[in-house]
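Take the sequence shown: its letter number 486 is residue 486 in the UniProt record's numbering, and every next letter is one higher.
All residues carry an ideal CB built from backbone N, CA and C; glycine is no exception.
Since this is a predicted model, take the numbers as computed values, not measurements.
Working notes, structure below.
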Amino acid sequence: MKNTVMGNNHGVLYCKYQNFKGAKEPPLIAGRRDRGPPRARDNGTAMFVGGDWARHREKHGILVLEPKNPIKPFNSLPTTTANMFLKPYKIKSNNTLKNSEKKQLAQRVQDEFPNASEETCKLLVPSKAAVSWLRLTTHSGAAAAALVVDGVPLLLEVDGRLLPTAPALWRAPSLVPIITIHAPVLSKLQNGAPLYLPGVEIPPQGVGFPMFARGAALAVCTQDNAAAAAVGWAASASVDMILKVTGVVLEPVHIFGDLLCREPKFNKILRPSLPPPSYSNSPVHAAPSVTTLQPACVVKEEWPSLGRPARAPAPAPAAAPEPPRVNEPQIIPDRIEAVEDRLGDDIADMHLDNDEDEMEEEDGFPTDMDALLQYCLLSFIKLDAKKIELPLKTNLLYRNHLVPLCPPNRTLDVKKSSYKKMSKFLDAMQKEGLLEVREIEKGVDAVVALSPSHPLVAAHRPPRRAAPPAPASATEYRPPRVAEMFCVTAAVLELFAPLKKGTAVSAADVRGTLTEYVKTRSLASPGDRGAVGLDPVLAKICGRNAQETMKWEELMSAVQGKMTACTEMRFADGTVKTNKSKLEPVKMQVATRSGNKKVTLVSNLESFGLSLPELSKVCQHGVAASCGVTRAPGAAADQLMVQGDQTYFIAKLLIEKYGLPKKFVEGADKALKKKNK
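Right, here's the structure in full:
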């Protein structure tokens, strides 16, 4: 008996075989190509688990198996991209993506990753989030780029190819194949070592192991946690990994815990704790179907049902033994039945999911998008008509009031309705007498009146408004509290004893110490309640003669003038940072872009410990305008960019909500005098 694999040319397998007479165990026809091995059957057909084989042919004793979708080979692995972020890198530019650029990038994700669905693209490139494109230069001089969404890097561009980061695979784990490694191996990867085959967990006989070509994007997770921990390029094809015992498997590009994850400009990235991974339970790489390589007459018992109910094998009638067939594959029954059992469970689960979807259609909520829009509007009028402040801009009505009232398991999208635009929908509702819409500014429409007594509203039964989840408040951005402080110097050391030189005290503490000093020494002027008599210590600090008098405010200013001004930042996690250098104030500038469009540029925010991505989200929701993070040519730090003249909102946000002292916001008084338009 012979069964020799002659070669593997980009997914086309060549196998030479002879008769199997006398063999203890029927052999496989050929090795793996995509998601599993083809299995020999006793009727001359071959059963392939997972993947689509177009045809097979036999020529001079050579069996050729050709897949419908052969794996695209990569000529070579990138040599300059291994461990790109283990050493410091430089950010060359940081640009906010336009909506058109987001759509192009989402389409590119779908083109480069076959497993990327439309929902996956929306998760990775959301249209309503702060999305920026960073161009980087690594320590070795290689050029790269990173897509950052709300302060989290999700995609990398390396050598013209996209590669998801570990946080991206936490959101979309089916984007690229993920293999499991032994837990201690991760620390080796974090130290710069490549991944070798002995560190990979291979399932018995390779069942369920994901299939990929050399040079394809590949991720790894650990035995104790299914969350992706490293991403890179496959140094070996999956076929070679199953057949070999040594060799390099992965050239890592990005590893959880590298400098990309610890970038100060990004949000804090923590690896989630997921259940241990399992190849057999992976829905991504499981076999979706059973395909034959050659049409044949198959009896009913040979192809049992794939449903969940148990199969009762029919007793086979007694028949004369057939002579062994020559040069024909034989069946491997134990392996086939195991695969069919697993496939039966998967397909039955799919039927159950479909039943659940059908039940959701009958939950009492409208399924038509036009009716769903009207349902949300009626719910809004019934619940909020008496307490909402009018006029209400139409864009805020849709985003902040109608979308939150959408029933569960539904998605409200006015573009998928027959109206296509919110203005047309509101015109139709105005004709129904439900509301009144007017143009309050040029090009800006707003709802100016609602009709809660309308018969449709009276007969409508709105859903119960769910209370906001508790964790949401815990994740709300809490900026550091910034306070102006003064450091004790040698000139005032005697006044502030027993404090040491360099100790930071607040302005209130300076006033309290000075007041206590004056009271204990009875230095208050009896003839003038607002004056203080100077003793030798105060006279030396103020540069005056003893026995002279000074006004309280003059004395306070003189003492503070002899101290070093500093800034204290108290972060939400309890850490305190004191900056003893002079900080430039936050600067707000209204600039004009093409088409006479105004934008507000805010710089020096990061000096006060403020996170630009988080501030961008807050401003985006607060003013209902596009926001982003950008960097001016030649500037040393990023700046916040908000559409329109938003100096009033930003000044009020920084001073009143975040507690930033007014002296640290340049032009705050002028901005706060503006009307909030």
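Alpha-carbon to alpha-carbon, residue j and residue i
i: proline 153; j: lysine 387; result: 41 Å
i: aspartate 224; j: tryptophan 233; result: 23 Å
i: leucine 653; j: alanine 166; result: 34 Å
i: valine 448; j: phenylalanine 365; result: 28 Å
i: serine 626; j: glutamate 614; result: 14 Å
i: lysine 102; j: threonine 411; result: 21 Å
i: aspartate 353; j: serine 278; result: With a pLDDT of 44 at aspartate 353, under the threshold of 50, the predicted position of this residue should be treated as unreliable, though the coordinate-derived value follows. Roughly 22 Å separates the two Cα atoms.
i: residue 679; j: valine 185; result: Shown here, the chain extends from 1 to 677; a query on residue 679 therefore has no answer.
i: methionine 241; j: aspartate 111; result: 27 Å
i: phenylalanine 209; j: isoleucine 179; result: 8 Å
i: valine 414; j: phenylalanine 486; result: 56 Å
i: leucine 155; j: proline 173; result: 13 Å
i: glutamine 620; j: glutamate 568; result: 28 Å
i: threonine 630; j: alanine 145; result: 15 Å
i: lysine 670; j: lysine 662; result: 11 Å
i: leucine 660; j: glutamate 584; result: 13 Å
i: threonine 592; j: lysine 598; result: 5 Å
i: threonine 513; j: aspartate 573; result: 30 Å
i: valine 125; j: valine 403; result: 20 Å
i: aspartate 34; j: cysteine 121; result: In this prediction, aspartate 34 has a pLDDT of 38, which is less than 50 and means its spatial position is unreliable; what the coordinates show is noted afterwards. Aspartate 34 and cysteine 121: Cα-Cα distance of roughly 24 Å.
i: lysine 87; j: cysteine 261; result: 12 Å
i: proline 463; j: proline 407; result: 8 Å
i: glutamate 157; j: leucine 195; result: 22 Å
i: alanine 636; j: serine 581; result: 17 Å
i: glycine 609; j: proline 479; result: 7 Å
i: threonine 515; j: aspartate 528; result: 16 Å
Classification of residue i by the beta-carbon crowding that lies within 10 angstroms, buried from 16 upward
i: valine 576; result: exposed
i: serine 238; result: buried
i: threonine 138; result: buried
i: alanine 508; result: exposed
i: serine 379; result: buried
i: glutamate 389; result: exposed
i: glutamine 526; result: In the sequence as presented, glutamine is not what sits at residue 526; that position holds proline. Exposed.
i: threonine 578; result: exposed
i: glutamine 646; result: buried
i: alanine 143; result: exposed
i: threonine 600; result: buried
i: asparagine 94; result: buried
i: glycine 215; result: buried
i: proline 452; result: exposed
i: glutamine 104; result: exposed
7 Å CB neighbourhood of residue i in its chain, flanking five on each side removed
i: glycine 628; result: Thr96, Ala130, Ser132, Ser616 and Met641
i: leucine 493; result: Lys501
i: isoleucine 541; result: Ala491, Val492, Leu495, Ala558, Val559 and Lys562
i: asparagine 400; result: none
i: valine 665; result: Pro585, Val586, Ala651, Leu654 and Ile655
i: asparagine 99; result: Ser127
Counterpart residues of residue i in DSSP-defined beta bridges
i: leucine 640; result: Val602 and Val629
i: isoleucine 255; result: Ala230
i: glycine 533; result: Thr549
i: leucine 654; result: According to DSSP, which records beta bridges pairwise, leucine 654 is partnered with nothing at all.
i: proline 153; result: Val148
i: tryptophan 133; result: Asn95 and Leu147
i: phenylalanine 486; result: Val505 and Ala565
i: aspartate 445; result: Glu439
i: arginine 161; result: Val158
i: leucine 392; result: Val447
i: alanine 237; result: DSSP lists no partner for alanine 237.
i: threonine 592; result: Lys598
i: valine 248; result: Tyr196
Residue i: CB within 8 Å of a non-hydrogen atom of the ligand GDP
i: alanine 219; result: With respect to the ligand GDP, the structure offers nothing, as it holds no ligand at all.
Residues near residue i by beta carbon distance below 6 Å, same chain, minus five either side
i: glutamate 439; result: Asp445
i: glutamine 190; result: Ile255 and Gly257
i: alanine 230; result: Leu189, Val220, Pro252 and Ile255
i: phenylalanine 113; result: Leu175
i: valine 488; result: Phe496, Leu499, Lys501 and Thr503
i: lysine 90; result: Thr137
Nearest-angstrom beta carbon gap, residue j and residue i [assumed within contact, 8 Å]
i: arginine 271; j: alanine 227; result: 5 Å
i: alanine 524; j: valine 532; result: 6 Å
i: lysine 92; j: arginine 135; result: 4 Å
i: methionine 550; j: leucine 534; result: 6 Å
Chain D contact for residue i (CB, 9 Å cutoff)
i: isoleucine 440; result: Absent from the structure: chain D. Only one protein chain is present.
Sequence-distant residues of its chain with Cβ nearer than 8 Å to residue i (five each side left out)
i: leucine 672; result: Tyr648, Ala651, Lys652 and Ile655
i: tyrosine 398; result: Val414 and Met422
i: valine 245; result: Leu197 and Pro198
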